[in-house]
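Beneath this line is the structure, given in structure tokens, with notes to follow.
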Amino acid sequence: MKPTHIEHLGIAVSSLEATMPFFEALTGAPCYSIEVVEDQKVKTAFFKVGEVKIELLEPTSPESTIAKFIEKNGGRGGVHHVAFNVENVEEALKEAEERGWQLIDKAPRKGAEHLMIAFLHPKSTCGVLTELCQQPK
Ligand code: ZN
């Protein structure tokens with residue numbers, strides 16, 4: 053698997069509008085991209101800290117897993133997932149399956165920023181929702 057780096061940290065927030073000024077102040081740079089990811093029912097906002105990105109995730113529907121995550125956390129957001137960059141997400145997913153890790157995505161799908169992504173279940177990853185992602189070619 054051997055990821056090349058942490059691609060981003062996913063942080064759940066109930067409102068992008070309310071939290072973006074903090075992250076702009078913290079990172080010293082404005083958000084460089086806002087994107088709605090329909091199939092995940094989220095609106096994302098991206099910040100850069102060196103090579104690592106911060107992905108803020110705001111639910112666009114009460115059905116969103118992000119909405120449920122926030123609800124479970126007493127209405128507060130928090131770190132939702134860690135995304136590892138791999139050369140080939142399909143191979144990484146196959147390796148994870150061979151190791152007996154529980155997959156959320158059996159096949160890679162399109163995420164924000166045109167990445168190909170797949171999630172591993174926190175039951176298999178020490179409680180940390182883990183995303184594998186591959187840069188667009
Ligand atoms: Zn992510």
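Note that the sequence shown covers residues 53 to 189 in the numbering used here. Here a beta-carbon is modelled for each residue, glycine too, at the ideal position from N, C-alpha and C.
Shortest gap from the CB of Ala135 to any heavy atom of the ligand ZN: under 7 Å. If the five residues before and after Glu149 are omitted, its C-beta is found closer than 7 Å to the C-beta atoms of Leu155, all from its own chain and listed in chain order. For the region 109–168, the full-length alpha helix (DSSP H) segments reaching 4 residues or more read 117–124, 141–150 along the chain.
With a cutoff of 8 Å on beta-carbon distance, Lys105 and His60 are scored as near each other. Between the alpha carbons of Glu123 and Lys146 lies a gap of roughly 33 Å. The straight-line gap separating the alpha-carbon atoms of Ile86 and Val141 is approximately 24 Å.
Restricted to the region 63–107, the alpha helix (DSSP H) segments that are unbroken, complete and at least 4 residues in length are 68–79, listed in chain order.
Around Lys175, the same chain offers Gln154 as residues with beta carbons nearer than 7 Å, after the five sequence neighbours per side are excluded.
Excluding its 5 nearest sequence neighbours in each direction, Lys93 has C-beta neighbours in its own chain below 7 Å: Pro111, Thr112, Ser113, Glu115, Ser116, listed in chain order. The Cβ-Cβ distance between Thr71 and Leu108 falls below 8 Å. Cα atoms of Val65 and Phe121: separation of roughly 10 Å, rounded to the nearest angstrom.
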